[in-house]
Amino acid sequence: MADPTGSIPAAVLRGAAGRCPDCGKGRLFDGFIALRPSCEACGLDYGFADAGDGPAVFVTLIGGFLTLGFALWLEFAFEPPFWVHLVVSLPAVVVVCLGLLRVMKGVLITLQRRNAAAEARLER
């Protein structure tokens, strides 16, 4: 079980770096966003990790805010033709969203471990 007294900033930094929620040494990901089965340093089983659609939601909100702000600035500052937005703003959306996806998934998984979050259950 994760240390419940561990700090939230430490958990966020571990997740953003793609490191193990417990030891901070092992890698969390095997590939771009695929989780490893376990930590190679401390042996923590990553079976608890279920980020679901959370990272995609945060990436959509944060990335959309950033890239829309950029596109609006570009429009009002330079008034370019539409094709310039396609060439500049569209790749910006892709780069920002892909850049944030792995970071957000790592952060949500480490916070899930730190807070011992689990699926809701009804006791009978």
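Residue 1129 is where the sequence shown starts when you use the numbering used here, and the numbers rise one by one after that. Don't be surprised by glycine CBs; every beta carbon is placed ideally from N, CA and C. For clarity, every value in this text was computed on a predicted model and none was experimentally measured.
Three-state secondary structure assigned by DSSP to R1164:
Here residue 1164 refers to the residue found at position 36 when the sequence shown is read from its first residue. Note: R1164 maps to coil in three-state DSSP.
Please report how far the alpha carbon of Y1174 lies from the alpha carbon of P1165, in whole angstroms.
In the sequence shown, counting from the first residue as 1, residue 1174 sits at position 46. In the sequence shown, counting from the first residue as 1, residue 1165 sits at position 37. Each residue's alpha carbon lies about 6 Å from the other.
Out of A1138, I1161 and L1163, state which residue places its alpha-carbon closest to the alpha-carbon of C1151.
As a first step, residue 1151 must be located in the sequence shown, where it is residue number 23. Ranking the options by Cα distance to C1151, first place goes to A1138.
Three-state class that DSSP yields for R1252 in the structure shown:
As a working note, residue 1252 is residue 124 in the sequence shown. Three-state result, R1252: coil.
Between G1154, F1160, D1178 and A1179, which lies nearest to E1168 when the distance is taken from Cα to Cα?
The residue labelled residue 1168 in the question sits at position 40 within the sequence shown. When C-alpha distances from E1168 are compared across G1154, F1160, D1178 and A1179, the shortest belongs to G1154.
On a CA-only basis, which of C1148, A1246, L1214 and L1236 is nearest G1171? Give me that one, please.
Locating residue 1171 in the sequence shown gives position 43, where the first residue counts as 1. The residue with the shortest Cα to Cα distance from G1171 is C1148.
Starting from the C-beta of I1237, find all residues in its chain whose C-beta is less than 7 Å away, skip the five residues before and the five after it, and write them out in chain order.
As a position in the sequence shown, residue 1237 is number 109, starting the count at 1. G1143, P1149, L1156, A1177 and A1179.
Since A1162 and T1195 should fall inside the 8 Å C-beta cutoff, what is the C-beta to C-beta distance between them, to a whole number of angstroms?
Your numbering for residue 1162 matches position 34 in the sequence shown. Your numbering for residue 1195 matches position 67 in the sequence shown. Rounded, the Cβ-Cβ distance is 25 Å, inconsistent with contact.
Nearest-angstrom Cα distance between I1136 and V1235?
Indexing the sequence shown from 1 puts residue 1136 at position 8. Indexing the sequence shown from 1 puts residue 1235 at position 107. Their Cα atoms are separated by approximately 10 Å.
Which whole-angstrom value is the C-beta distance of S1208 and L1202, which I expect to be below 8 Å?
Against the sequence shown, residue 1208 aligns to sequence position 80. Against the sequence shown, residue 1202 aligns to sequence position 74. Looking at the sequence shown, residue 1208 is not Ser but Pro. Contact holds; Cβ gap of about 7 Å.
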